[in-house]
Amino acid sequence: MAQELYNVVFYGEIGRQHTREEAQQKLAQLFKCSVQQAERFFTGKKIIIKAKADHQAALKYQRVFEQAGTICHIEVLEIESKMTCPKCGFKQDKSEECIHCGIIIKHYLKSHPESKPGTEKKEGMMICPKCGTEQEEAKRCSYCGVFIKNYLKAHGRESERQESRKPKGEYRQITQHTHHKQKEFPEPSTTDRIFSKLVARVIGVLLVIGISGIIGFYTTQEQFVSGPSDEFGLKKPRGWVMESDLNNEADIQIANAKNEGYLVVMSELKVDFENFITYRMHSNLTRKFLRDSVLNYREVSGPTEILIGSMKGVQYEITGSVDGLNMKYLHTTLEGRKYFHQISAWSLISKYDSNKPAFDKILESFYEY
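Just so you know, full-length UniProt numbering puts 190 at position 190 of the sequence shown, and the rest follows in order with no gaps.
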């Protein structure tokens, strides 16, 4: 089942115990902007604070605005429930089977990768290659959330792998028509059997050690890693490995367990925010989320303006405690062509200085196409 998405919207409503002037001042403090700039939120028109957010993220944005004395609403994102059959083009309610031609959509898409329905152009529309939903052209399906390019890429590769596993016709013919008379050998002795088993076990252990070493060597070497859309990424230094449990909202997660250094990237499309939101304002929002999740939050340096490639950004160093451990964070926000990137790196305070050069090196390698 596809994840339900939400829009966080603001209509200029003020909390009961606040005045408009107080709310404007608090929003100005939140976004580090002037009171005049904060007036943009109070035009009376519907303002989408964050579009296409999951429920957890939507609640975060709502709480931040509530603390500023304003009222935000979380609205379920209405998604087209119709789909178009990739074979006959019949439009119907979402289903695994076409009621017109009878095909199973999932099976048809697997056996017909050449059709590439996710890229079909029909008056600005496309059909998702995974779920079959017809929708406006986009890089990501609005219903199931799959990135079209990545899905087609992986789908094509899977077909190639399956094809490569099939034995060639010539090979089958040779094996079917070639006959060899088996030579007769004497039965091995008990000693020979024991020795053979021992040798096999030793070779097996050596192979496991060798393969593990190769895998470990590869995963800890320098390499570029990208986000789910392949539109941004960074260079993972030697000794760092990919992780999956540092932050469930992160697009990229890497760690150096030996040095206890960690880094995550969380990127959000700029089109999901009002056009007057800047990277500084985005930084203030995301730092507010961090403030709410740690104890003894303190900004020890910043704001420091930075430039990574052509991306402008702002950086802060922050201390706080989590589960009784004193941590130090390097919080960076970059504004790319399409995304706001929140890059958060951290370690124990005692190990921050030794990890800082690696944090800086990773940040310098960050890119967005």
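Note that beta-carbon positions come from the ideal geometry of N, C-alpha and C, so glycine has one too. It should be emphasised that the depicted structure is a prediction, and the values quoted were computed from it without experimental measurement.
- If you ignore the 5 residues before and after LYS288, its C-beta comes within less than 6 Å of the C-beta of VAL64, all in its own chain and listed in chain order.
- When C-alpha distances from PHE340 are compared across PHE273, ILE103 and LYS235, the shortest belongs to PHE273.
- By the criterion of a C-beta distance shorter than 7 Å, PHE276 is surrounded in its chain by ARG40, once the five residues flanking it on both sides are discounted.
- Looking at the backbone, the Cα of TYR352 and that of ASN259 are separated by about 9 Å.
- Counting along the chain, ALA51 sits inside no alpha helix (DSSP H); it lies in the beta strand (DSSP E) bounded by residues 47-53.
- In the three-state reduction of the DSSP assignment, ASN355 falls in the helix class.
- Distance from the CA of ILE362 to the CA of ASN326, rounded to the nearest whole angstrom, comes to 23 Å.
- Within its own chain, the residues whose Cβ lies closer than 7 Å to the Cβ of GLU22, once the five positions on either side in sequence are excluded, are GLY69, listed in chain order.
- Nearest C-alpha to SER34 among GLU13, PRO237, LEU269 and ARG280: ARG280.
- In its chain, beyond the 5 residues on either side, GLY320 and VAL322 have a beta carbon closer than 6 Å to the beta carbon of VAL294.
- Comparing alpha carbon positions, the residue from GLU249, ALA250, CYS101 and GLN92 closest to GLY132 is GLN92.
- Only exposed fits MET242, as fewer than 16 other CB atoms lie within 10 angstroms of its CB.
- A residue is called buried once 16 or more other Cβ atoms fall within 10 Å of its Cβ, and LYS60 is buried on that count.
- For SER293, the enclosing alpha helix (DSSP H) starts and ends at 279-293.
- For GLY302 and LYS52, the gap between their C-alpha atoms comes out near 30 Å.
- Under the 10 Å beta carbon count, ASP230 is surrounded by fewer than 16 other beta carbons and is classified as exposed.
- Ranked by Cα distance from PHE10, the first of ILE318, ALA58 and ASP54 is ALA58.
- Secondary structure at HIS73: strand, using DSSP grouped into helix, strand and coil.
- Under the three-state reduction of DSSP output, GLN17 falls in the coil class, being neither helix nor strand.
- Boundaries for VAL271: no alpha helix (DSSP H) harbours it, and the DSSP string shows neither H nor E there.
- DSSP places ALA38 inside the alpha helix (DSSP H), whose first and last residues are 35-38.
- Distance between TRP346 and ILE103, taken at the CA atoms: about 51 Å.
- Contact between ILE252 and LEU269 does not hold, since their C-beta atoms are separated by about 16 Å, which reaches or exceeds 8 Å.
- Residue nearest to GLY12 within the set LEU5, PHE31, TYR6 and HIS73 is HIS73 (criterion: CA-CA distance).
- Its chain contains LEU234 and ILE308 as the residues whose beta carbon lies nearer than 6 Å to that of PHE366, once the 5 sequence neighbours on both sides are disregarded; these appear in chain order.
- DSSP places HIS100 outside any beta strand (DSSP E), giving it a letter other than H or E.
- Straight across, the Cα-Cα distance linking VAL265 with GLY313 is about 14 Å.
- The alpha-carbon separation between LEU334 and TYR108 amounts to approximately 42 Å.
- Here DSSP, grouped into helix, strand and coil, assigns ARG63 to helix.
- The alpha-carbon of LEU27 is positioned some 6 Å away from that of ALA38.
- In the displayed model, LEU5 falls within coil according to three-state DSSP, outside both helix and strand.
- Annotation for GLY233: the continuous beta strand (DSSP E) segment containing it runs 232-236.
- For the pair GLU136 and LEU330, the Cα-to-Cα distance works out to about 39 Å.
- Note that the C-beta distance between PHE42 and ASN284 is not below 7 Å.
- By a beta-carbon distance limit of 8 Å, GLU222 contacts LYS236. Their separation comes to about 7 Å.
- By the neighbour-count criterion, in which 16 or more other beta carbons inside 10 Å mark a residue as buried, GLU134 falls on the buried side.
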